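Student: Each residue of the sequence shown is one higher than the one before, counting from 3 in our numbering.
Where is the CB? At the ideal position from N, CA and C, for every residue including glycine.
Since the model is a prediction, treat every value here as computed from it, not as a measurement.
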Amino acid sequence: MNEVISETELPTIKAYLRWQLVSSLAGTILPKALDDERFDFGGRKLVGIPEQEPRWKRCVESTDGALPEALGKVYVEQQFPVASKEKALQMIHDVEAAMDRDIDSLDWMSATTKTRAKEKLHLIANKVGYPDKWRDYSKLEIVRGDAFGNNLRAAEFESRRQLAKIGKPVDREEWTTSAPTVNAFYRVSMNDINFPAGVLQPPFFDATQPDAVNYGHIGLFMGHEITHGFDDQGRQFDGHGNLEDWWTKEDEHRFTQKAECIVDEYAQFSVGDTKLNGKLTLGENTADNGGLRLVYMAFLARAVQEGIDLKKRSVDGYTPVQQMFLGFAQNWCSQWRPELERLVATTDPHSPSRFRANGVLVNTPEFGEAFGCKVGQPMSPAKACRVW
Ligand SMILES: [Zn+2]
3 MNEVISETEL
13 PTIKAYLRWQ
23 LVSSLAGTIL
33 PKALDDERFD
43 FGGRKLVGIP
53 EQEPRWKRCV
63 ESTDGALPEA
73 LGKVYVEQQF
83 PVASKEKALQ
93 MIHDVEAAMD
103 RDIDSLDWMS
113 ATTKTRAKEK
123 LHLIANKVGY
133 PDKWRDYSKL
143 EIVRGDAFGN
153 NLRAAEFESR
163 RQLAKIGKPV
173 DREEWTTSAP
183 TVNAFYRVSM
193 NDINFPAGVL
203 QPPFFDATQP
213 DAVNYGHIGL
223 FMGHEITHGF
233 DDQGRQFDGH
243 GNLEDWWTKE
253 DEHRFTQKAE
263 CIVDEYAQFS
273 VGDTKLNGKL
283 TLGENTADNG
293 GLRLVYMAFL
303 ARAVQEGIDL
313 KKRSVDGYTP
323 VQQMFLGFAQ
333 NWCSQWRPEL
343 ERLVATTDPH
353 SPSRFRANGV
363 LVNTPEFGEA
373 FGCKVGQPMS
383 PAKACRVW
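What follows is the structure, given as structure tokens:
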């Protein structure tokens, strides 16, 4: 950043900042001509979207950005019953218990590093649904009919809130995402996993559907986020979120070798003539692969506990384990425009969806077994990668 600033002429920096300001306010707040211009570049040219989303959707998003916890409170009251929170927490505990057993079973990790890994695992904070305490917006003035002013005041409120944190202890209870957000994530510096109420909804999660489907769907992400604490980046931090090397030299070496296998595997995948970047996507791919293994273990343990008959087929003819794998694959059902797939392949640490399904399943012999594939068939290769 400092380099760019010192090498760039002042008028260019001014133009850039002016453009940032206009561009950030253009969606739904500034007149249509500016909004159209912003969409033409950021939507149409860059990712190939033919038309803007309806205005009401963009307005809801804008409110979610400006008043995340005011909107979130109403959303949770209407869309997230207590039963959902309880079920999601039970699943997370199942996946954490699976990780504990997984660490025990590793033949490449020393007892010393295993102890430290478990320490970190047990310190993960599980944030599910919504914050325990809602943010107070009483100091923020909202004026009906003044979208522009409301937007600026909300931005000012937020930056004051951020600045007020300086010099104070870290608030581990704070949520950085709104409850309706359809996303899940892990934060290295907090060592927490976050599952807002928005992602704990069908089709990812439904407290009334069979365990097999829930574990394959949202359970995968529970395993994925927990594994992030132990991927190539996460493993460099301790259970309190501090950058600290807790690995023995030998274990670190063996980890890196295992990770190399994943780097090479994904570097073989391509979209059009663009190859995936195996190093850029390593953390996410490690989390995808570890996530499926953990949730598979968690589901089998849950099945024993609930007395689920693993031989009994569903009405449409699938065993519970097959249903779990189908649920996993359905997470990645999507349609991509070539422009977006190319952009993701070159810049996103996540692999494009189809590789998040097949790239993981070829490393999971249990998938081949469940569907009767013979070793050596395309989805059941003899050589598989495994880190966790
Ligand atoms: Zn991830």
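1. Using a Cβ-Cβ cutoff of less than 8 Å, which residues in the same chain neighbour Ile310 once the five nearest sequence positions on both sides are dropped?
2. Under the three-state reduction of DSSP, which class applies to Ala127: helix, strand or coil?
3. Using CA atoms only, rank isn't needed, just tell me which of Gln325, Cys335 and Asn291 is closest to Cys387.
4. If you measure from the CB of His226, is any heavy atom of ligand 1 nearer than 7 Å?
5. May I have the straight-line CA-CA distance separating Asn287 from Gly131, to the nearest angstrom?
6. Note the first and the last residue of the continuous alpha helix (DSSP H) segment covering Tyr77.
7. Please return the same chain residues whose Cβ sits closer than 7 Å to the Cβ of Leu294, not counting the five positions on each side in sequence.
8. Ignore the nearest five residues each way along the sequence and tell me which others in Leu125's own chain have a CB closer than 8 Å to its CB.
9. Looking at the strands, I want to know which residues DSSP matches up with Val377.
10. Compare the Cα-Cα distances from Phe206 to each of Gly218, Ile195 and Pro56 and report the closest residue.
11. For Met326, which residues in the same chain have their Cβ closer than 6 Å to its Cβ, ignoring the five residues on either side in sequence?
12. Give the single residue among Arg358, Ala85 and Pro52 whose Cα lies nearest to the Cα of Glu199.
13. Thinking just about the alpha-carbon of each residue, which of Glu5, Arg237 and Trp21 is nearest to the one in Val389?
14. Since Asp106 and Leu296 should fall inside the 8 Å C-beta cutoff, what is the C-beta to C-beta distance between them, to a whole number of angstroms?
15. Quick check: Leu91 and Asn128, are their CB atoms within less than 8 Å of each other?
16. Run the proximity test for His219: is its beta-carbon closer than 7 Å to any non-hydrogen atom belonging to ligand 1?
17. Please state whether the Cβ-Cβ distance between Pro28 and Asn152 is less than 8 Å.
18. What does a CB cutoff of less than 8 Å around Gln235 pick up in its chain, not counting 5 residues either side in sequence?
19. Going by DSSP, what residue range makes up the alpha helix (DSSP H) through Asp37?
20. Is the stretch 134 to 142 touching the stretch 46 to 53 in the sense that three or more CB pairs, one from each, lie closer than 8 Å?
21. Across which residues does DSSP place Asn1 in a beta bridge pair?
22. Buried or exposed, going by whether 16 or more other CB atoms sit within 10 Å of the CB of Ala166?
23. Could you tell me which residues DSSP puts in a beta bridge with Leu400?
24. In its own chain, which residues sit with a C-beta less than 6 Å from the C-beta of Ala181, not counting the 5 before and 5 after it?
25. Taking only the alpha-carbon atoms, compute the straight-line gap between His95 and Ile195 and give it to the nearest angstrom.
26. What three-state label does DSSP hand Thr276 in the structure shown?
27. My guess is that His230 and Tyr188 are in contact by the Cβ rule of under 8 Å, so how many angstroms apart are they, rounded?
28. Would the beta-carbon of Leu278 fall within 8 Å of that of Ser353?
29. Can you tell me whether His352 is helix, strand or coil according to DSSP?
30. Given this structure, state the Cα-to-Cα distance separating Arg57 from Trp21, to the nearest angstrom.
Tutor: According to the data block:
1. Its chain contains Asp213, Ala214, Arg304 and Pro322 as the residues whose beta carbon lies nearer than 8 Å to that of Ile310, once the 5 sequence neighbours on both sides are disregarded; these appear in chain order.
2. Of the three classes helix, strand and coil, the one that applies to Ala127 here is strand, per DSSP.
3. Asn291
4. yes
5. 25 Å
6. Pro70 to Gln81
7. Taking Leu294 as the centre and dropping the five residues before and after it, the same chain places the C-beta of Leu222, Gly225, Phe330, Val362 and Thr366 closer than 7 Å to its C-beta, in chain order.
8. Asn193, Gly241 and His242
9. Gln379
10. Gly218
11. Ala214, Tyr217, Gly218 and Phe301
12. Before going on, a small fix: residue 199 reads as Ala here, not Glu. Selected option, being the one with the closest Cα: Ala85.
13. Per the Cα distances, Arg237.
14. No, Asp106 and Leu296 are not in contact; Cβ-Cβ is about 13 Å, not under 8 Å.
15. Contact: yes.
16. no
17. Per the sequence shown, the amino acid found at residue 28 is Ala instead of Pro. Their beta carbons are not under 8 Å apart, which means Ala28 does not touch Asn152 by this criterion.
18. Only Val190 and Gly285 meet the Cβ criterion.
19. Lys34 to Phe41
20. no
21. Given a span of 3 to 390 for the chain in the structure shown, any question on residue 1 remains unanswerable.
22. exposed
23. Residue 400 lies beyond the range of the chain shown here (3 to 390); nothing can be said about it.
24. Gly74, Tyr77, Val78, Tyr132, Pro198 and Ala199
25. 12 Å
26. strand
27. 4 Å
28. For the 8 Å CB-CB criterion, Leu278 and Ser353 form a contact.
29. coil
30. 22 Å
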